[in-house]
Amino acid sequence: MALIMVIEDEEALGLMLKYNLEKEGYEVIVETRGAKALGAVEKYAPSVILLDWMLPEISGVEICKLIRANPEIKNIPIIMLTAKGEEEDKIKGLSAGADDYVTKPFSIPELMARVKTNLRRAPEIIKTKELVFEDIRMDLVTKKVYRGENYIHLGPTEFRLLKMLMEEPKKVFSRDYLLKNVWGINIYVETRTVDVHIRRLRKSLNEYGPDYIRTVRATGYSIDNQPQNNEE
Numbered sequence: 284m285a286l287i288m289v290i291e292d293e294e295a296l297g298l299m300l301k302y303n304l305e306k307e308g309y310e311v312i313v314e315t316r317g318a319k320a321l322g323a324v325e326k327y328a329p330s331v332i333l334l335d336w337m338l339p340e341i342s343g344v345e346i347c348k349l350i351r352a353n354p355e356i357k358n359i360p361i362i363m364l365t366a367k368g369e370e371e372d373k374i375k376g377l378s379a380g381a382d383d384y385v386t387k388p389f390s391i392p393e394l395m396a397r398v399k400t401n402l403r404r405a406p407e408i409i410k411t412k413e414l415v416f417e418d419i420r421m422d423l424v425t426k427k428v429y430r431g432e433n434y435i436h437l438g439p440t441e442f443r444l445l446k447m448l449m450e451e452p453k454k455v456f457s458r459d460y461l462l463k464n465v466w467g468i469n470i471y472v473e474t475r476t477v478d479v480h481i482r483r484l485r486k487s488l489n490e491y492g493p494d495y496i497r498t499v500r501a502t503g504y505s506i507d508n509q510p511q512n513n514e515e
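For the sequence shown, the working numbering begins at 284 and goes up steadily by one.
Now the structure itself:
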């Protein structure tokens, strides 16, 4: 079941959208405050976001920019909801990273069609709430990792690294790619920083099972269940 997040400060509209989305079979979370909404997006990683332009504390456009700047949630489709109908305002919203744009008042059938279209565009990983590789399980809603029945405590960076590896098992990710997509393009850190966090990740995971993180010399890392001789 896809999770839709509605970020809308008009309570009546938020409830109306929730009712109609649930009627279509979606799971729905409604947030009314801009500052709180960003944390909710990071926590729940919804399949699609319906984002109001005008919000208390922080505008929908700014929230959109912050989502697009966060490697962990940047690919979530965003549909802007706004009373602004001018061409210039639409361009501003789309330039901020919105995927679609619906002007109030809108018809519910049209909005549902837009939601379905953006769900089809969404990466498959966004539609699931869990990643599994062998006995390692990541709950993307609670942000918890388990190995078998054992809870594995990971820091935020190690969590994002493991998530990227588990999204595409056996694919080798270069250090530069991991730096760009886990740390972000505007953050300066040394390439060897990746190695430090991989070692931490290994230490946490390997307490309860074999080492599935593969080191490819002079290239990068992958998660793989084939026997390997890792060398940092």
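Even glycine gets a Cβ: it sits at the ideal position worked out from N, Cα and C.
Quick caveat: nothing in here was measured; it's all calculated off a predicted structure.
*asked:* In this structure, how does DSSP classify glutamate 355 when only helix, strand and coil are distinguished?
replied: In this structure, glutamate 355 counts as coil in the three-state DSSP scheme.
*From proline 452 to leucine 488, what distance separates their C-alpha atoms?*
Approximately 16 Å between the Cα atoms of the pair.
*Under 8 Å by Cβ, that's how I've got arginine 443 and glycine 503 pegged, so tell me the actual separation to the nearest angstrom.*
Between the beta-carbon of arginine 443 and that of glycine 503 there is about 15 Å, and that puts the pair past the 8 Å contact cut.
*For phenylalanine 389, which beta-bridge partners are listed by DSSP?*
In the DSSP assignment, phenylalanine 389 is bridged to no other residue.
*Looking only at DSSP bridge pairs, what is phenylalanine 456 linked to?*
Within the DSSP secondary-structure output, phenylalanine 456 pairs in a beta bridge with Tyr504.
*Between leucine 377 and serine 330, which are expected to be in contact by the criterion C-beta below 8 Å, what is the C-beta distance as a whole number of angstroms?*
Actually they do not touch by this definition, with Cβ atoms about 20 Å apart.
*asked:* Is there a C-beta anywhere in chain B that falls below 7 Å from the one on methionine 421?
replied: In the structure shown, chain B cannot be found, because there is only a single protein chain.
*Name the DSSP beta bridge partners of isoleucine 524, please?*
There is no way to answer for residue 524, as the model of the chain reaches only from 284 to 515.
*With distances taken from CA atoms, which of Leu394, Glu340, Val415 and Glu294 is nearest tyrosine 429?*
Cα-wise, what sits closest to tyrosine 429 is Val415.
*Work out the CA separation of lysine 446 and lysine 426 for me, nearest whole Å.*
Distance between the alpha carbons of lysine 426 and lysine 446 is about 10 Å.
*Between valine 465 and proline 360, is the Cβ-Cβ spacing less than 7 Å?*
No, they are not a contact pair.
*Taking the C-alpha atoms as reference points, what is the distance between histidine 480 and lysine 412?*
One C-alpha to the other measures close to 24 Å.
_Residues bridged to asparagine 433 (per DSSP)_ = Paired residue(s): Arg430.
_Three-state secondary structure (DSSP) of glutamate 305_ = Glutamate 305: helix per DSSP, three-state reduction.
_What does the Cβ neighbour count give for threonine 498, buried or exposed, with the cut at 16 atoms within 10 Å?_
Buried is the call here.
*Use the C-beta contact count for valine 424: other C-beta atoms within 10 angstroms, 16 or more gives buried, fewer gives exposed.*
So valine 424 counts as exposed.
*Quick one: Cα of aspartate 382 to Cα of glutamate 490, how far?*
Aspartate 382 and glutamate 490: Cα-Cα distance of roughly 42 Å.
*Could you spell out where the beta strand (DSSP E) holding leucine 364 opens and where it closes?*
It spans 361 to 365 - the beta strand (DSSP E) in which leucine 364 sits, taken as one unbroken run.
_So, for glutamate 314: in the same chain, excluding its five sequence neighbours on each side, which residues have a beta-carbon less than 6 Å away from its beta-carbon?_
These residues qualify, in order along the chain: Ile290, Ala320 and Ala323.
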